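Reading through the structure tokens given below for one structure.
There are 2 protein chains.
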Amino acid sequence: MRRWVRTGAALVLGAGLGVWLGRVTSLRPGEEQRGVGGLRGVGGLLERVPVIPVIPGVEASELTSRCVGGAAVMKYGFPSLANIKTRESYVTSYDPRTRTASWVIERLSPASLSGQSDRRSCDFKEDDSVNVLHRSTNADYRGSGFDRGHMAAAANHKWSQKAMQDTFYLSNVAPQNPQLNRSTWNNLEQHCRSLTKNYLNVYVCTGPLYLPRQEADGKLYVRYQVLGHNHVAVPTHFFKVLILEQMDGRGVELRSYVLPNEPIEEKVPLERFLVPIETIERAAGLQFVPNIMKRTSRLQSITAR
Amino acid sequence: MRRWVRTGAALVLGAGLGVWLGRVTSLRPGEEQRGVGGLRGVGGLLERVPVIPVIPGVEASELTSRCVGGAAVMKYGFPSLANIKTRESYVTSYDPRTRTASWVIERLSPASLSGQSDRRSCDFKEDDSVNVLHRSTNADYRGSGFDRGHMAAAANHKWSQKAMQDTFYLSNVAPQNPQLNRSTWNNLEQHCRSLTKNYLNVYVCTGPLYLPRQEADGKLYVRYQVLGHNHVAVPTHFFKVLILEQMDGRGVELRSYVLPNEPIEEKVPLERFLVPIETIERAAGLQFVPNIMKRTSRLQSITAR
Chain A
181 MRRWVRTGAA
191 LVLGAGLGVW
201 LGRVTSLRPG
211 EEQRGVGGLR
221 GVGGLLERVP
231 VIPVIPGVEA
241 SELTSRCVGG
251 AAVMKYGFPS
261 LANIKTRESY
271 VTSYDPRTRT
281 ASWVIERLSP
291 ASLSGQSDRR
301 SCDFKEDDSV
311 NVLHRSTNAD
321 YRGSGFDRGH
331 MAAAANHKWS
341 QKAMQDTFYL
351 SNVAPQNPQL
361 NRSTWNNLEQ
371 HCRSLTKNYL
381 NVYVCTGPLY
391 LPRQEADGKL
401 YVRYQVLGHN
411 HVAVPTHFFK
421 VLILEQMDGR
431 GVELRSYVLP
441 NEPIEEKVPL
451 ERFLVPIETI
461 ERAAGLQFVP
471 NIMKRTSRLQ
481 SITAR
Chain B
181 MRRWVRTGAA
191 LVLGAGLGVW
201 LGRVTSLRPG
211 EEQRGVGGLR
221 GVGGLLERVP
231 VIPVIPGVEA
241 SELTSRCVGG
251 AAVMKYGFPS
261 LANIKTRESY
271 VTSYDPRTRT
281 ASWVIERLSP
291 ASLSGQSDRR
301 SCDFKEDDSV
311 NVLHRSTNAD
321 YRGSGFDRGH
331 MAAAANHKWS
341 QKAMQDTFYL
351 SNVAPQNPQL
361 NRSTWNNLEQ
371 HCRSLTKNYL
381 NVYVCTGPLY
391 LPRQEADGKL
401 YVRYQVLGHN
411 HVAVPTHFFK
421 VLILEQMDGR
431 GVELRSYVLP
441 NEPIEEKVPL
451 ERFLVPIETI
461 ERAAGLQFVP
471 NIMKRTSRLQ
481 SITAR
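Which chain is which? The protein sequence lines are A and B, in order.
For the first sequence, counting from 1, position 268 maps to 448 in our numbering; every step adds exactly one.
For the second sequence, counting from 1, position 285 maps to 465 in our numbering; every step adds exactly one.
Okay, structure coming up:
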């Protein structure tokens, strides 16, 4: 695996600005992912990328005070500040139009992965903190052919039955292809857990994407199915952003994946789905890098094999 | 024109819960809009419709203090609290994923409509308060075949050159069918202005919709074009919600319109595009009624001719 070691400016500037369209819309199982490592467009651009806007009166400490084993769930900030909910095992931003999360952030460590919690006693449940007009229900998923795919994975939170149960809120769920959910997606979740052996802390941010494709008329269209009475959006893709604290505490590594919401041959290695972080920031309308750069000046971005 | 006079509970319960899908997806020019006036589903439902969540530390007074002629732009609250920007002539919530506003609210009165401001000295401009990764540009629209359609209309803000110029931020703009923009949409904007003669204040909230349609496989899909390098979303429809304060100050009327983003025969009367407010609340992921009900107990909803 080749690694591009970059400082913040290089990361923002070099992460493929201008080529994201071609890369993302062509992302398909088995396709070779190539790193976009060159520095381009040096100049005033970095100054034009502001940090995430802070809502007056909302202290960052309030939003990062949710703890698992004593560490804030999202030490590295939030990718947006809309409709934030804090739960035992994660923090999430809800999108009332698509009826799914915009993103869900959790923190994994050996401590959070171990415990006696039992998935069999957990049931998917409506999130009654969401207005009934904007809420998904189990009935919306029934007979749809899609799984109720976890964003924050249940198996990441064996440390507490409540924490595991909280991952079963339908606001932590999006319609997911069953074959994807049970194979490559599951492998990616397991990979996140395995990284807790090699990193001090593993922060995982997961969410849906709605990516355009070129149609026969040569134009780009976003097209996605909606399910049930409440029109729950079926994402075209999912992202996972991994923020990895090195054991020596000196640096942070970033790995960002985009997987299509369709069957993927399990033999395709996960590395094929690595993308530049800016691909996700653009497509999802989120920001990761400015927040992380507030916490570290030593950021490695792992974008290709 | 028949009118359904309802109190708050009746409005929420009676505005077509359960039938919105059929109504919205079938909305086409010339189609008869019928009122959905019956009271249905009485019971615990109203209690399950919470008021809009308030972000801790954000005082409502801060968000409603923007004034035109001495009155808060949005006396009746905000339909969401994400990425709010206040401008001379309007308040808006920006959607960084679609690169357009989620909604824009303005307040019209005879005073705001009169003045010497000149549209010819206004130019569309990028909103540099938006991250460059999530911002639309004039280049995105160029050659697309779509107009840069104002959400808050320029002609509503002749009272101040700055107020008019602020309506030319591309964050107050969405891709709009040119024929719609210049005919029926323009007529609706003029209608809003004409109502200032008959009402104490006219609050107008405008925004995009992305509505599903049934395709050949019998399933529902949302499908919309995206424009340019920044993938600016082309809405399938637009909404306008009019909150009208009666001259005697005793009550509030609500008129809500949905227009498809396509050519409409100009002879089709505007009343044909009236829809129950809940149709917009559901489809846009927004809330209007709970906020309005904090200010008045006498709300008339005008939903059909």
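We treat Cβ as the ideally placed atom computed from N, Cα and C, and that holds for glycine.
None of the values given here were measured: they were computed from a predicted structure.
Within-8 Å CB hit, residue i to chain A
| i | result |
| --- | --- |
| Glu-445/B | no |
| Asn-263/B | yes |
| Lys-399/B | yes |
| Val-384/B | no |
| Gln-405/B | yes |
| Arg-267/B | no |
Cα-Cα separation between residue i and residue j, rounded to whole angstroms
| i | j | result |
| --- | --- | --- |
| Pro-456/A | Arg-267/B | 35 Å |
| Glu-461/A | Val-469/B | 33 Å |
| Pro-388/A | Ile-444/A | 17 Å |
| Leu-400/A | Gln-345/A | 40 Å |
| Glu-395/A | Asp-327/B | 22 Å |
| Asn-361/B | Glu-369/B | 10 Å |
| His-330/A | Phe-348/A | 7 Å |
| Asn-357/A | His-417/A | 10 Å |
| Asn-263/A | Asn-441/A | 25 Å |
| Ala-463/B | Gln-426/A | 44 Å |
| Gly-257/A | Glu-433/A | 15 Å |
| Ala-333/A | Glu-458/A | 24 Å |
| Asp-320/B | Cys-302/A | 47 Å |
| Leu-450/B | Ala-291/B | 25 Å |
| Lys-265/B | Gln-480/A | 34 Å |
Host beta strand (DSSP E) of residue i (start-end)
| i | result |
| --- | --- |
| His-330/A | 327-330 |
| Ser-273/B | 271-275 |
| Tyr-401/A | 400-407 |
| Val-253/A | Premise fails: Val-253/A is in no beta strand (DSSP E) and is neither H nor E. |
| Arg-287/B | 280-288 |
| Gln-356/A | 353-356 |
| Cys-385/B | 379-389 |
| Gln-296/B | No beta strand (DSSP E) contains Gln-296/B, which DSSP labels as neither H nor E. |
| Arg-435/A | 432-440 |
Chain B contact for residue i (CB, 8 Å cutoff)
| i | result |
| --- | --- |
| Asn-441/A | no |
| His-314/A | yes |
| Pro-415/A | no |
| Arg-277/A | yes |
| Arg-203/A | A caution first: Arg-203/A carries a pLDDT of 36, below 50, which makes its placement in the model unreliable, though a value can still be read off. Taking Cβ atoms only, chain B never reaches closer than 8 Å to Arg-203/A, which makes this a no. |
| Gln-467/A | yes |
| Gly-250/A | Low per-residue confidence applies at Gly-250/A: pLDDT is 34, beneath 50, and the placement is therefore not dependable, though the value from the model is reported in the following sentence. Cβ-Cβ to chain B under 8 Å: no for Gly-250/A. |
| His-411/A | yes |
| Gln-394/A | no |
| Ala-319/A | no |
| Leu-479/A | no |
| Glu-306/A | no |
Own chain, CB closer than 7 Å to residue i, minus 5 neighbours either side, in chain order
| i | result |
| --- | --- |
| Leu-293/A | Asn-336, Lys-338, Arg-373, Thr-376 |
| Asn-381/B | Ala-251, Arg-287, Ser-289, Glu-425 |
| Asp-397/B | none |
Of the residues the options, the one placed nearest residue i, counting alpha carbons only
| i | options | result |
| --- | --- | --- |
| Gly-429/B | Arg-478/B, Thr-386/B, Asn-441/B | Arg-478/B |
| Arg-279/B | Thr-386/B, Asn-381/B, His-411/B | His-411/B |
| Ser-351/B | Glu-306/B, Asn-381/B, Val-448/B, Asp-397/B | Glu-306/B |
| Val-310/A | Ser-363/A, Lys-342/A, Ser-273/A | Ser-273/A |
| Cys-385/A | Lys-420/A, Leu-424/A, Ala-464/A | Lys-420/A |
| Ala-252/A | Asp-303/A, His-371/A, Pro-355/A, Arg-287/A | Arg-287/A |
| Gln-341/B | Ser-297/B, Val-312/B, Tyr-379/B | Ser-297/B |
| Ala-354/A | Phe-304/A, Glu-446/A, Gly-431/A, Arg-435/A | Phe-304/A |
| Asn-318/A | His-371/A, His-409/A, Leu-424/A, Tyr-390/A | His-409/A |
| Lys-255/A | Thr-476/A, Tyr-437/A, Arg-435/A | Thr-476/A |
| Gly-431/B | Tyr-437/B, Leu-391/B, Val-312/B, Met-473/B | Met-473/B |
| Tyr-379/A | Ser-436/A, Ile-423/A, Val-312/A, Arg-300/A | Ile-423/A |
| Val-271/A | Tyr-390/A, Ser-481/A, Tyr-383/A, Val-448/A | Tyr-383/A |
Chain C within 8 Å of residue i, Cβ atoms only
| i | result |
| --- | --- |
| Asn-352/A | In summary, chain C is missing from the structure at hand, where the protein chains are A and B. |
Same chain only: Cβ atoms within 6 Å of residue i, ignoring 5 sequence neighbours per side
| i | result |
| --- | --- |
| Leu-466/B | Pro-259, Ser-260 |
| Thr-403/A | Just to set this straight, residue 403/A is Arg in the shown sequence, not Thr. No residues qualify anywhere along the chain. |
| Ala-343/A | Glu-268, Ser-269, His-337 |
| Pro-276/A | His-314 |
| Ser-324/B | Leu-407 |
| Leu-439/A | Phe-418, Phe-453 |
Residues of its chain near residue i, where Cβ-Cβ distance is below 8 Å and the 5 sequence neighbours each way are ignored
| i | result |
| --- | --- |
| Val-406/B | Val-412, Ala-413, Val-414 |
| Glu-446/B | Ser-363, Thr-364, Asn-367 |
| Arg-299/B | Ala-334, Ala-335, Met-344 |
Residue i - containing alpha helix (DSSP H), residue span
| i | result |
| --- | --- |
| Pro-449/B | Looking at the DSSP string, Pro-449/B is not in any alpha helix (DSSP H), and its letter there is neither H nor E. |
| Glu-369/B | 364-374 |
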